[in-house]
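**Q**
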Amino acid sequence: MVPGVGAGLIDRIRALEELKTAAAAAQVRATAQFAVVQRAAQAAAGVPAGQRGAGVGAQVALARRESPARGGRYLGLAHLLVADLPHTLAAMSAGTLSEWRATLIARETVCLEAGDRRAVDAALSADTGGVDGLGDAALVAAARRISYRVDPAAVTARAR
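All residue numbers for the sequence shown refer to the UniProt record's numbering, where the first residue is 1 and numbers rise by one.
1. So the alpha helix (DSSP H) Arg39 belongs to, where does it begin and stop?
2. Taking contact to mean at least 3 C-beta pairs separated by less than 8 angstroms, is the segment 95 to 112 in contact with the segment 77 to 85?
3. Measuring alpha carbon to alpha carbon, tell me which of Ala54, Thr156, Glu18 ends up nearest Asp132.
4. Under the three-state reduction of DSSP, which class applies to residue 161: helix, strand or coil?
5. If we count the other Cβ atoms within 10 Å of its Cβ and call it buried at 16 or more, is Ile13 buried or exposed?
6. Is it true that the CB of Ser147 sits closer than 8 angstroms to the CB of Thr96?
7. Apply the 10 Å Cβ neighbour rule to Leu77 and answer buried if 16 or more other Cβ atoms are within range, or exposed otherwise.
8. Please determine, among Val5, Cys111, Val120, Asp136, the residue with the shortest C-alpha to C-alpha distance to Ala159.
Below, the structure is given as structure tokens:
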């Protein structure tokens, strides 16, 4: 490594990673807002309540250049992050938590009721002093441990 040059490149890589993660958080918020706007437009057009939201995941997929199935997953993740995982979303916005790691947290808490998810999100943030520095396995373990503490029955049922 050339003295001075390598450190600057590492700093640049870190800054770009933080920017990428913050952009992913902005994308999450835009996705959640898009879903709300589309549902409202569909309601105004007289679409029955049970059919509202149809096609939103596919539109998200097109915008992200992903498959329709992935679009639906991104839409679900956006809803969970915005509605129930504010600390996780804040860490993404700060550039300290990647979209993948936010997905891991969402995956481990999806079996919980919304209020319990919020409690796990707050506890995970407090228990770990934030999730920065935890590896993926440690992050998943922490989310599982706290989820179990909040609602052991839901976590046990999910494991079956």
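Ideal placement from N, C-alpha and C gives every residue a C-beta, glycine not left out.
**A** In terms of the structure at hand:
1. 5 to 44
2. yes
3. Glu18
4. Residue numbering for the chain in the displayed model covers 1 to 160; residue 161 lies beyond these limits and cannot be assessed.
5. exposed
6. no
7. buried
8. Cys111
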